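So the number in my numbering is just where the residue sits in the sequence shown, counting from 1, plus 972.
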Amino acid sequence: MAPASVQRVLDAAATAGVELDIVEYPDGTRTAVDAAAAVGCEVGQIVKSLVFDLDGELILALTSGSNRVDADLLAAVAGGSVCGRADVDRVRDTTGFAIGGVPPFGHASTIRAFVDPALETYDRIWAAAGTPRHVFPIQPETLRSLSNATSANFTEGV
């Protein structure tokens, strides 16, 4: 039986008619490098689900593991001015997930999402499934649809 947080991700996908193949890695996948090594893919294929505070609104940046979010660019594409990493308690309250396992969809509250176009260059990418130990493969267009994300340039290469 899947942990409750993973089940919420599965349920959100199923509601949209998408079946996910959740994979568990007991040693965890806390960083993009860890996740890529665990699943056997390029770091760029890892989806980092990062929550930012934009003028008091929490937004989600779905970023390629090989890129870093530029907060000023994210603020500009999201139509705000002051943007920085969100407080861990607000992340949990808004998404229902702890940092390190935040998935791209299935959140407790509606949150605007933006996706890094670099992720769209791959046939398959990997995202967190609600815990630091659970991930799933997905096609970029399916991820964008399920997360209701807008594709936008808001990153810098690492």
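Ideal Cβ placement from N, Cα and C applies to all residues, glycine included.
In this text the structure is predicted, and so the values were computed from the model without any measurement.
At the level of alpha carbons, what is the spacing between residue i and residue j?
i	j	result
N1039	E1128	6 Å
L982	D1065	20 Å
V1098	G1028	According to the sequence provided, residue 1098 is Trp. The question's Val does not apply to it. Cα-Cα distance, rounded: 29 Å.
N1125	V1054	17 Å
T1003	R1084	23 Å
P1089	S1036	8 Å
V1041	S1081	22 Å
So the alpha helix (DSSP H) residue i belongs to, where does it begin and stop?
i	result
V1015	Element bounds for V1015: n/a, residue is neither H nor E.
A985	A976 to T987
Starting from the C-beta of residue i, find all residues in its chain whose C-beta is less than 8 Å away, skip the five residues before and the five after it, and write them out in chain order.
i	result
A985	E991, L992, F1077, G1078 and L1118
V1049	F1086, T1122, A1124, N1125 and F1126
Residues in the same chain with beta-carbon distance under 7 Å from residue i, minus the five sequence neighbours each way, listed in chain order, please.
i	result
V978	I994, A1101, G1102, T1103 and H1106
A988	L1118
A974	L982 and I994
Which residue comes first and which comes last in the beta strand (DSSP E) that contains residue i?
i	result
A1100	I1097 to A1100
V1054	Neither: V1054 is in no beta strand (DSSP E) and is coded neither H nor E.
S1081	Where S1081 is concerned, there is no enclosing beta strand (DSSP E), given that its DSSP letter is neither H nor E.
On the DSSP bridge list, what partners appear for residue i?
i	result
I1110	I1097
S1036	V1019
S1123	V1087
E1092	E1092 pairs with nothing; no bridge assigned.
G1128	Rather than Gly, the amino acid found at residue 1128 in this sequence is Glu. DSSP, once it has assigned bridges, lists R1040 as partnering E1128.
Using the Cβ count rule (16 or more neighbours within 10 Å means buried), how would you classify residue i?
i	result
R1096	exposed
P998	exposed
What residues in its chain sit with their C-beta under 6 Å from that of residue i, if we drop five residues either side in the sequence?
i	result
A1010	Y997 and T1001
P1109	R1096 and W1098
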